[in-house]
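Residue numbers (the numbering used here): 2 to 125.
Ideal Cβ positions, reconstructed from N, Cα and C, are used throughout, including at glycine.
Just so it is clear, the structure is predicted and the values come from calculations on it, not from any experiment.
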Amino acid sequence: MVALDTSSFVAYLAGERGLDVEALDAALESEQGVFSPIVVTELLSGREVVGRAAATILAVPQLAILDGYWIRAGNLRAGLLRRGLKAGLADSLIAQSCLDHDIALITRDRDFRTFARHAGLRLQ
2 MVALDTSSFV
12 AYLAGERGLD
22 VEALDAALES
32 EQGVFSPIVV
42 TELLSGREVV
52 GRAAATILAV
62 PQLAILDGYW
72 IRAGNLRAGL
82 LRRGLKAGLA
92 DSLIAQSCLD
102 HDIALITRDR
112 DFRTFARHAG
122 LRLQ
């Protein structure tokens with residue numbers, strides 16, 4: 002199982018190329034791709050996401066929010082911010098979902114590198 006980030010999925014839908022899009026396509030093909038609930042929210046919030054794109058998003062399984070998730074996500078973000086590092090709220094929530102389920106994240110968003118270096122998030 003591997004988590005799919007908004008940035009890579011938008012690129013995938015747009016027909017862009019890249020290692021992340023190839024990995025995402027492979028994950029979907031093998032039915033190993035999953036979304037964090039936050040990514041579903043981000044994707045469905047896009048104006049261009051209607052019809053077939055929305056159906057594609059809704060067909061991808063979602064990670065469960067585990068007990069204590071909100072506290073762990075808050076602590077994760079606070080720890081990074083205390084170090085003077087960038088830790089956006091949505092990114093913190095996505096990273097915590099991946100950490101809770103011990104899965105890697107496919108993304109093209111460089112902001113997740115902070116979570117990889119300082120919190121153990123695995124990137125693919």
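| Query | Result |
| --- | --- |
| Identify the residues that DSSP records as bridge partners of Gly34: which are they? | Val3 |
| Count the other CB atoms within 10 Å of the CB of Glu32; is the residue buried (16 or more) or exposed (fewer)? | exposed |
| Run the CB neighbour count on Ser98, radius 10 Å, all protein chains shown included, and call it buried at 16 or more, exposed below. | buried |
| If you draw a straight line from the C-alpha of Trp71 to the C-alpha of Asp101, how long is it? | 11 Å |
| Please go through the same chain and pick out, in chain order, the residues whose beta-carbon is closer than 6 Å to the beta-carbon of Thr108, but skip the five residues on each side of it. | Asp6, Ser8, Ser9 |
| Please list, in chain order, all residues of the same chain as Leu44 whose beta carbon is under 7 Å from its beta carbon, the five residues on each side excluded. | Thr7, Phe10, Val50, Ile58 |
| Restricting to Cα atoms, I'd like to know which of Ala105, Ala74, Gly85, Leu81 is closest to Leu94. | Ala74 |
| From the DSSP output, in three-state form, read off Leu67 for me. | coil |
| Assuming Leu90 is part of the alpha helix (DSSP H), what are its boundary residues? | 90-102 |
| Please name the residue, chosen from Val40, Gly121, Arg123, that lies closest to Leu90 on a Cα-to-Cα basis. | Val40 |
| Have a look at Phe36 and Gly16 and give me their C-alpha separation to the nearest angstrom. | 19 Å |
| Enumerate in chain order the residues of its own chain whose CB-to-CB distance from Lys87 is below 8 Å, with the five nearest sequence positions on each side excluded. | Leu81, Asp112, Thr115 |
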